[in-house]
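First the structure, in the form of structure tokens, and then the observations on it.
Have a look at this one:
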């Protein structure tokens, strides 16, 4: 079992494996001594993390390692079948992107092989005269490649579906909101949740340490939006929403843009908006944002102003969840 975290100064077979996987993912640590976590390895890891929408810390934690493992799968490398735990990988994201592109809605391309993807896959197989067994093998991959080349370009059905789902939002009172925090910011989470309830929203709070558990809770709750907070020991003010090269959550981006505007002047530095692939954003099924803020003491001292800013942003999003096109 790989001992996490892997970081600069360490040596051994786990580092050699890390370097090999970085190279296979297109981020070769040039000039690095095999098995030595040197500056070149750190830089290559940071580049990989940045490209994958993860925090570019240069430290390989379990999250970064799993991303490296997923990056090693290409569509057609293995049979894709519904299982427990669910399969994850770039091959699955490519399958989802292809299905959405040719009109079979499997939801956002998150790289997780769940029931929605299997339903879309089975429907595709049935429509193409293939064995509709919900298993993606070589024949299915070949047919997807043929149809994808013939279908031209476009946003895909998943993007259209999210646009339609948020278009019907009318006000803060209609929203079901999950407010989450990942340690050190419980007072902020409670304050924001309480203020949103006072404004008429239906709110659930969660402080599960595991991002997957928070996402699962939000999905079960049937949330309209998820607003999360994570603490940083450094000066930080990042607002993130789900985005991968082939897809971005338009509702999440719009909510994030409202938050960035309202939080300007509240946090120690001006906030920035970033499309990322962090676990809680990847696994939620609704527009979601994660506010990475720090240092904790300064942010907690601004709880009152921060709460007002978040409530105002949620209200603005509820009134107009889609961005206004620019001229």
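Residue numbers (our numbering): 572 to 898. No residue lacks a Cβ here, since even glycine has one placed at the ideal position from N, Cα and C.
DSSP on residue 819, reduced to helix/strand/coil? Secondary structure at residue 819: strand, using DSSP grouped into helix, strand and coil.
Per DSSP, the bridge partner or partners of residue 865: As computed with DSSP, residue 865 is found in a beta bridge with 807.
Q) Across which residues does DSSP place residue 780 in a beta bridge pair? A) Answer is none; residue 780 lacks a bridge partner.
Taking the Cβ atom as the reference point for each residue, do residue 680 and residue 690 lie within a distance shorter than 8 Å?
Not in contact: residue 680 and residue 690 (Cβ atoms no closer than 8 Å).
Three or more beta-carbon pairs under 8 Å between the region 824-838 and the region 863-876, yes or no? Three or more beta-carbon pairs drawn from the region 824-838 and the region 863-876 are found closer than 8 Å, and the two stretches are therefore classed as touching.
Would you call the region 849-856 and the region 788-803 touching, i.e. three or more CB-CB distances under 8 Å? They touch, by the three-pair rule.
Check: How many angstroms separate the CA atom of residue 591 from the CA atom of residue 575?
Finding: So the alpha carbons of these two residues sit roughly 17 Å apart.
| query | For residue 720, does the count of other Cβ atoms within 10 angstroms reach 16, so buried, or fall short, so exposed? | reply | Exposed.
Legend entry - Residue range of the alpha helix (DSSP H) that includes residue 697: Per DSSP, residue 697 belongs to the alpha helix (DSSP H) from 686-698.
Cβ neighbours of residue 820 in the same chain (closer than 6 Å, five flanking residues each side left out): Contacts found: 812, 813, 858.
(Q) Considering only DSSP beta bridges, list what residue 844 is partnered with. (A) Its beta-bridge partners are 810.
Within 10 Å of its beta-carbon, does residue 740 have 16 or more other beta-carbons around it, so buried, or fewer, so exposed? So residue 740 counts as buried.
Q.
For residue 885, count the other beta carbons within 10 Å of its own beta carbon; 16 or more makes it buried, fewer makes it exposed. Which is it?
A. Under this definition residue 885 is a buried residue.
Residue 761 - partner residues in DSSP beta bridges = Residue pairing by DSSP leaves residue 761 without any beta bridge partner.
### Beta-ladder partner(s) of residue 614, from DSSP
When beta bridges are read from the DSSP output, residue 614 appears opposite no residue.
| From residue 756 to residue 750, what does the alpha carbon distance come to, in whole angstroms? | Here the alpha carbons of residue 750 and residue 756 stand approximately 11 Å from one another.
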